[in-house]
Amino acid sequence: MNTPQTRSLVAARACAGLLATGLAVAVGHAVAGVVAPGSSPFLAVADSVVDRAPSAVREVTIDALGTADKPALMAGLAVILIVTGVVVGLIERRGRPAGTIVLALFGLIGTAAAVTRPTAGPLWALPTVLGAIVSIVALRAMIGALFPASSVASDAGRPEGAASAGTGESASSPGTAAAGTATRRDPDRRRFLILAGSAAAVIAAAGATGMALTRRAAEAVAERTGLRLPRVLARNAAPAVPAGVVPDAPGVTPFLTDNDEFYRIDTALRVPSLRAADWRLRIHGMVEREIELDWQSLIDRETRERIITMTCVSNEVGGDLVGTASWTGFSIADLLAEAGPLPDADMLLSTSVDGWTAGTPLEALTDGRDALLAVGMNGEPLPFEHGYPVRQVVPGLYGYVSATKWVVDWEVTRFDRASAYWTDRGWAERGPIRTASRIDRPAPLAELPPGPVVVAGTAWAQRRGIERVEVRVDDGPWREAQLSEEYSVDTWRMWSWTWDAEPGLHTLHVRATDGTGRVQPEERREPVPSGATGWHNRTFRVATA
């Protein structure tokens, strides 16, 4: 019946389910603050969704949402939890614990997600298990208050069904309560409110505990704010950027990318807050000497500064997942030499504090290129989202095989013995950067005046350099663009071309030739498995005079 009492009971049951589900998450998150942030059931499940999603789904999501993919995932999981909480409360009964079963199943999922994380420890199941137990106990208690146990009416000491003494009237006679029969009791609203209020208080307390435990993040922020990068000797400083490196044309991409504009692609749903004071790097595996570094022993070494262009393998043709920065750090080759890799080793498996891994060809780290264990970016300590306190930067390789952020472990090994995060998901093993070029101006579908129009963009082919950039309008001949001065083979190169634009709709194409004389291929290929290929183009209209 749709009465006020019925509606009130339904709302109370939904509230009980929401509170019980909230308890599972809050208690689990608070306990994870003691065990390890990654053991939080919410974060563990979210991380597992990212890890186990098919490559096609991940690519579509990144294309559609860009860097908002992780907040969207977290919001989606939160909505699922809210809906589940309501359902749990509505299906739970004193004698039919369907909601309890759902909570237990969610607990099993959270536990499995936590203990299968790459960096999981022996206690990683604890946050989810404790959260599930507390939530189930709370749900049963609140539903018990809404559906109290039935009372049993019977005469004390009298056998069920016996007649009342001296009356000749059966206990089941009209007007009396039959012995042993149940009578329904009203919900114990006072008890329910006490239990619900207590659950809400526990959620608030767990949240406060979680906030207190996140003070470590605040401490890391304070540490970074006061951190001074180690001094770079003049002989190790990056050469100054000549004026000719950047063409004097409006709308051209800056040669150096600001930190807040630098692309960010990683799998971290929660950016690690590792303090430099707590940072350690273990170098082990196929080495003559196992080494462990802390922050002080790292910065006591000779510091280097290098300007390097980095590129993400997920970058589409014409995409913006590429940037150039001045990196301050230490020679990876020198650090590896101290450990002494064995002759048969050919791969460095690096691991982030959150468990992400990359497999880098050992040759690329020891062949003389400026592979760095970086601590600074554009003259300041690494931003947290870019790897504070320590990350890898390796010119010539896509980031998925080289650019480990928040790096804490190096295992010298072999490609036939170990694999890494993205190679386990179908991406190529080695990851050299492909030659690419991009049109930055004019803007897509721009309306241009007739006459001279400056077309400009960027091109990159790290470790090989850019020898030539050519531009074509519609199906016309290729015209050689003017290249900016080359800073190094490890950085992108800007180009420009002045075109006498004629009225009409036009499509502009660009292609680059690298330092080995190899022309960028025309065939369009998706980023998977080894980087996108194809000529970038833009269509625009030139107005009539």
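According to the working numbering, the sequence shown is numbered sequentially starting from 13.
Note that CB positions come from ideal geometry on N, CA and C, so glycine has one too.
Taking just the CA atoms, how far does residue j sit from residue i?
{"i": "R318", "j": "V98", "result": "55 Å"}
{"i": "V22", "j": "V114", "result": "18 Å"}
{"i": "D306", "j": "A246", "result": "25 Å"}
{"i": "P456", "j": "H518", "result": "11 Å"}
{"i": "W339", "j": "E392", "result": "9 Å"}
{"i": "A32", "j": "S362", "result": "40 Å"}
{"i": "G371", "j": "G297", "result": "14 Å"}
{"i": "R201", "j": "A144", "result": "25 Å"}
{"i": "W291", "j": "Q17", "result": "59 Å"}
{"i": "Y400", "j": "G335", "result": "18 Å"}
{"i": "A211", "j": "A42", "result": "15 Å"}
{"i": "L348", "j": "I295", "result": "8 Å"}
{"i": "L333", "j": "R446", "result": "13 Å"}
{"i": "S343", "j": "E231", "result": "28 Å"}
{"i": "A76", "j": "R530", "result": "33 Å"}
{"i": "G101", "j": "A229", "result": "35 Å"}
{"i": "V61", "j": "S52", "result": "14 Å"}
{"i": "G488", "j": "G411", "result": "36 Å"}
{"i": "A24", "j": "G156", "result": "12 Å"}
{"i": "T425", "j": "T378", "result": "15 Å"}
{"i": "G88", "j": "V37", "result": "15 Å"}
{"i": "A110", "j": "A48", "result": "32 Å"}
{"i": "P199", "j": "G438", "result": "57 Å"}
{"i": "G45", "j": "A125", "result": "17 Å"}
{"i": "S542", "j": "V91", "result": "36 Å"}
{"i": "R564", "j": "Y433", "result": "Residue 564 lies beyond the stretch modelled for the chain, which goes from 13 to 557, so this question has no answer here."}
{"i": "N549", "j": "G330", "result": "8 Å"}
Is it the case that the Cβ atoms of residue i and residue j are separated by a distance below 8 Å?
{"i": "L354", "j": "V299", "result": "yes"}
{"i": "I277", "j": "S309", "result": "no"}
{"i": "A524", "j": "I478", "result": "yes"}
{"i": "V466", "j": "L520", "result": "no"}
{"i": "R442", "j": "T470", "result": "no"}
{"i": "V258", "j": "M86", "result": "no"}
{"i": "V253", "j": "A468", "result": "no"}
{"i": "A430", "j": "M322", "result": "no"}
{"i": "V244", "j": "T315", "result": "yes"}
{"i": "D366", "j": "A280", "result": "yes"}
{"i": "G408", "j": "D502", "result": "yes"}
{"i": "L205", "j": "A28", "result": "no"}
{"i": "E563", "j": "T96", "result": "Any answer about residue 563 is impossible in this case: the structure gives the chain only from 13 up to 557."}
{"i": "G219", "j": "T140", "result": "no"}
{"i": "V283", "j": "E397", "result": "yes"}
If you run the structure through DSSP and keep just helix, strand and coil, what is residue i?
{"i": "Q532", "result": "coil"}
{"i": "L495", "result": "strand"}
{"i": "E104", "result": "strand"}
{"i": "E204", "result": "Just to set this straight, residue 204 is Phe in the shown sequence, not Glu. Helix."}
{"i": "R228", "result": "helix"}
{"i": "D306", "result": "strand"}
{"i": "D512", "result": "strand"}
{"i": "A137", "result": "coil"}
{"i": "F552", "result": "strand"}
{"i": "P353", "result": "strand"}
{"i": "G335", "result": "strand"}
{"i": "R294", "result": "strand"}
{"i": "R574", "result": "Residue 574 lies beyond the range of the chain shown here (13 to 557); nothing can be said about it."}
{"i": "G156", "result": "helix"}
{"i": "G111", "result": "helix"}
{"i": "S176", "result": "Residue placement at S176 is flagged as unreliable, the pLDDT there being 37, under the threshold of 50; the coordinate-derived value follows with that caveat. Note: S176 maps to coil in three-state DSSP."}
{"i": "A212", "result": "helix"}
{"i": "E479", "result": "strand"}
{"i": "L517", "result": "strand"}
{"i": "A132", "result": "coil"}
{"i": "S20", "result": "helix"}
If you count every other CB in all the chains shown that lies within 10 Å of the CB of residue i, and 16 or more means buried, which is it?
{"i": "V551", "result": "The sequence as given places Thr at residue 551; Val does not occur at that position. Exposed."}
{"i": "R536", "result": "exposed"}
{"i": "Q494", "result": "exposed"}
{"i": "T528", "result": "exposed"}
{"i": "S20", "result": "exposed"}
{"i": "T15", "result": "exposed"}
{"i": "A234", "result": "exposed"}
{"i": "V419", "result": "buried"}
{"i": "L293", "result": "buried"}
{"i": "P539", "result": "buried"}
{"i": "V579", "result": "With the chain represented from 13 up to 557, any question about residue 579 goes unanswered, as that position is not in the structure."}
Taking 7 Å as the cut-off, is the CB of residue i close to at least one heavy atom of the ligand ADP?
{"i": "E300", "result": "For the ligand ADP, the structure offers nothing, since it holds no ligand at all."}
message: For a minimum of 3 consecutive residues, which ranges assigned as the beta strand (DSSP E) are wholly contained in the stretch 361-411?
response: Complete beta strand (DSSP E) runs here, min 3: 369-373, 384-389, 403-405.
task: Entirely within the stretch 243-285 and at least 3 residues each: give me those beta strand (DSSP E) ranges in chain order.
output: none
task: Could I get the ranges of all uninterrupted beta strand (DSSP E) runs contained in the stretch 409-468, with 3 residues as the minimum, in chain order?
output: 419-425, 448-453
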